[in-house]
Structure formats: C-alpha cells, structure tokens
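Numbering (the working numbering), first residue to last: 33 to 377.
The next block holds one structure in the form of structure tokens; read it before the comments.
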Amino acid sequence: MPTLAHDHPKAMARASIVIVSWNGRRLLERCLPTVLSQSYSEFEVVLLDNGSTDGSAEWVEAHYPSLRLIRRDRNLGFARANNQAIQAARGRYVATLNNDAEPDPDWLDEMVSALESSPTVGMCASRMVRADDPSIVDSCGIEVDRAGIGWNRRGGEVDRPEEEPYEVFGPCAGAALYRRAMLDQVGMFDADFFAGYEDIDLAWRAGRMGWRCLYVPSARVVHRHSSTFKEGSPLKGYLLGRNKVWTLIKNYPWPQWLLLSPLILAYDTAAWGSALLAGDPNPLRGRLAAWKALPRILDKRRSIQAAGKDLALCPPRSPVRMWRTQRRLRRYLAEDDDREEGGEG
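In structure tokens, the structure reads:
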C-alpha cells in the first residue's frame, strides 16, 4: 500500500485525489478500497461530504480515519464542492474522481506519467468503462464540435485497446487529472454551474491558454454512469440545458458564431424540441434560465476572451450518428436502472 501524505501532516503530496460525495455510502464502499490500492506512492485523498444524510461522513471517519474528510452541511453542487476540496488539497497534481468510479491499481501512476511527459500538458483523461459491462466505453475524454455540442468520446462504443496517449479536447471530470499550475492560471470549475458542463468549460478555458489534454488509454476506471443524477432527472435536464448555453456564451469564438449560428441553433432546437415532444420541458427551461443571467455571463466572457486564442473545434457529427449513439446510451441506462438497487453519489 502507498504511503499516504496524511500520515505526514507537514508533507507536500505530489498528487491529491479529490472525491466529492453526496449520500454515497454504498458507492464509497466500492470506490475507496480501489483508491487506496493505487500503486503510485505518496498521494493524499481528500473527501468532501456534500451534505449527506445517509451517514456517509460518519462511516468514512470510522473506517478510513487516514483520509482528509471535509464536511459540508448542504449540497454545494459538484463544481463548487470540488473547488473547495481542490483548494484544501496539497498536491501539485489534483485528480478529481467520482464516488461511483473505481480506478485500476495503476490508474494514478499512468495519469501522472502522462501529465509529466510535457510541461504544456495540463490535463489528463481516463479510459472510463461501464461497471455493468466493462467491454463498453463510458468516456475516453470529451470533445466539442462546431455545433457547440460537447460529448464523451466513444461513449457507448465497444472498448478497444489503444497503447499511446494522444491529445483530446479535455477530460471527463469524473476521473481526471489536473496540473495545479494550470488551475492557478485559468481558474477552477465555474461554481455557478452547480453540475454539468463544468469540465467542458474548464477544458475550453485551459485550451485557450495553450494547455493540452492527453487521453491515457492505460489509465482505466470502471464507472457507474449517472449514479447521482439518473438519466431523465428533471434537475439534470435543466442544468445541462442551462450550462450548455453558458459554456458557449463564455467560450465560443464570435467569428465562428457569426458564421455557424444557424447550425448551432438548429442542432440545439432539435435537442430541446425532441425532449419537449417527449414530455420533458426541463432542457428548454434550463436554456431560458441561462439567458436571464446574460449580463453576468458576458462579464465572464470578456475576462476569458481577453487572453489566449480561439480553439479549433471538430466538425459536427452527423444527426443520424448522434441519434444512434443517444438511443444506444438511453437503452443501456434504462437497463442499468432496472439492475441497480438505487444510485447514490
């Protein structure tokens, strides 16, 4: 077992693993043993309990007294809670890990090695596979296309071996590694987002400043998808709708917006329109709420656009391919809901 930095209070951990948990005791029972079995030496674990009412914090105190436990009396949201945990962490590299994720023993070692391969690498993305069927990919990093759509790379596809790390837009924050120097320069997650799109927004801001993200195929994590927000959750639909608009307002280049706005609006209308036809108004409600905060988000945009350079986004995926991927994902998650006893996190 590695030497935890908590055992030496004055020691500066080289890496910190940050976990935010809300009512996730059953998930932590699976997650924490894998975290503490990492082959990488001298790291710390910072666990922020996000206002849980299921006895999670008390259970962690009793079973894992060496962890640094931070307790909050209410749910701060994924973004703000992670920011507070990152601020409390001591590592020069900070890994964010969902409580429904279970990393392989060499996960952190592989991620740190990739991050240290170049001083311009500020982020690393894990190879995340589904817990119920590890032959299926959950995420191999994130991408954003010119239609303003962000997605998990290869999500729902059959896993295939890849050997060398390669560059992607950004990491899924459910199992990511960040260089603290990068976070010091570009800032952490936007706390106003609460949850959803905060990793895309951060990766976009970092990319503008010249930081790169490597996808690390050898850094494998088993992930129980949507354990906190089930697919179809009204709050999830609302937050994703709102935060997508905020992300684009903050980061999308104006020249490309003027050229591609019909494409962006068409894809986005199809997204909330199909949800509305299915009886779910929340994606539209989120988008409308986003515009109410326009002055504040434009202030953020001015600060972001004052430095760095615009990123080249990938071409839009075909609507047919997007529909097939989403249908495959919805089918899998519906089956997963039937199998699970009930997610927490």
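Don't be surprised by glycine CBs; every beta carbon is placed ideally from N, CA and C.
Looking only at DSSP bridge pairs, what is residue i linked to?
i: proline 135; result: Val253
i: methionine 155; result: Tyr210, Cys245
i: arginine 100; result: Val78
i: arginine 162; result: His255
i: threonine 128; result: Val50, Ala208
i: glutamate 175; result: Trp183
i: tyrosine 198; result: Tyr247
i: cysteine 346; result: Asp177
i: valine 190; result: Ile168
By how many angstroms is the C-alpha of residue j removed from the C-alpha of residue i?
i: glycine 273; j: serine 98; result: 39 Å
i: serine 145; j: methionine 214; result: 17 Å
i: glutamate 148; j: alanine 205; result: 19 Å
i: lysine 276; j: aspartate 300; result: 10 Å
i: alanine 47; j: arginine 317; result: 40 Å
i: arginine 237; j: arginine 162; result: 29 Å
i: leucine 101; j: leucine 60; result: 13 Å
i: isoleucine 336; j: asparagine 283; result: 7 Å
i: valine 352; j: arginine 103; result: Annotation note: pLDDT 46 at valine 352 (below 50); position unreliable, coordinate value reported separately. Taking the straight line joining both Cα atoms gives about 45 Å.
i: valine 190; j: serine 171; result: 11 Å
i: alanine 325; j: arginine 106; result: 24 Å
i: aspartate 136; j: serine 265; result: 30 Å
i: glutamine 119; j: leucine 309; result: 43 Å
i: glycine 109; j: threonine 128; result: 14 Å
i: aspartate 342; j: arginine 240; result: 6 Å
i: valine 67; j: leucine 330; result: 40 Å
i: glycine 375; j: aspartate 86; result: Note that glycine 375 scores a pLDDT of 33, beneath 50, so its modelled location is shaky and nothing firm can be said.
i: leucine 209; j: glycine 340; result: 22 Å
i: lysine 42; j: glycine 242; result: Per-residue confidence for lysine 42 stands at a pLDDT of 47, beneath the threshold of 50, marking its modelled position as unreliable; the derived number appears in the next sentence. Approximately 33 Å, taken between the alpha carbons.
i: phenylalanine 221; j: proline 313; result: 27 Å
i: methionine 160; j: leucine 234; result: 19 Å
i: alanine 298; j: alanine 223; result: 29 Å
i: cysteine 63; j: proline 287; result: 45 Å
i: tryptophan 304; j: phenylalanine 201; result: 25 Å
i: leucine 292; j: glycine 173; result: 25 Å
i: arginine 122; j: leucine 345; result: 34 Å
i: lysine 332; j: aspartate 231; result: 16 Å
i: threonine 152; j: proline 65; result: 32 Å
i: alanine 302; j: arginine 319; result: 13 Å
i: tryptophan 278; j: proline 327; result: 11 Å
i: valine 218; j: valine 78; result: 22 Å
i: glycine 269; j: phenylalanine 226; result: 13 Å
i: methionine 143; j: arginine 192; result: 19 Å
i: tyrosine 125; j: glycine 311; result: 44 Å
i: glutamate 90; j: leucine 267; result: 28 Å
Are residue i and residue j close, meaning C-beta to C-beta below 9 Å?
i: glycine 187; j: cysteine 245; result: no
i: alanine 157; j: isoleucine 51; result: no
i: proline 294; j: alanine 307; result: no
i: glycine 228; j: leucine 290; result: no
i: alanine 338; j: isoleucine 281; result: no
i: serine 88; j: asparagine 55; result: yes
i: glutamate 196; j: proline 249; result: yes
i: glutamate 194; j: arginine 185; result: no
i: aspartate 141; j: glutamine 70; result: yes
i: tryptophan 139; j: alanine 207; result: yes
i: proline 285; j: tyrosine 247; result: no
Is there at least one non-hydrogen atom of the ligand MG closer than 8 Å to the beta-carbon of residue i?
i: glutamate 189; result: You won't find the ligand MG in this model; it holds no ligand whatsoever.
_Quick check: the region 242-257 against the region 164-182, are at least 3 beta-carbon pairs closer than 8 Å?_
yes
*With contact counted as at least three CB pairs below 8 Å, one residue from each stretch, are the region 73-82 and the region 180-187 in contact?*
no
_Could you check whether the region 213-228 touches the region 83-95, counting it as contact only if at least three pairs of C-beta atoms, one from each stretch, sit closer than 8 Å?_
no
*Three or more beta-carbon pairs under 8 Å between the region 108-115 and the region 77-88, yes or no?*
yes
*Please list the segments of the alpha helix (DSSP H) lying wholly inside the region 284-354, counting only runs of 4 or more residues, in order along the chain.*
286-309, 314-324, 326-337
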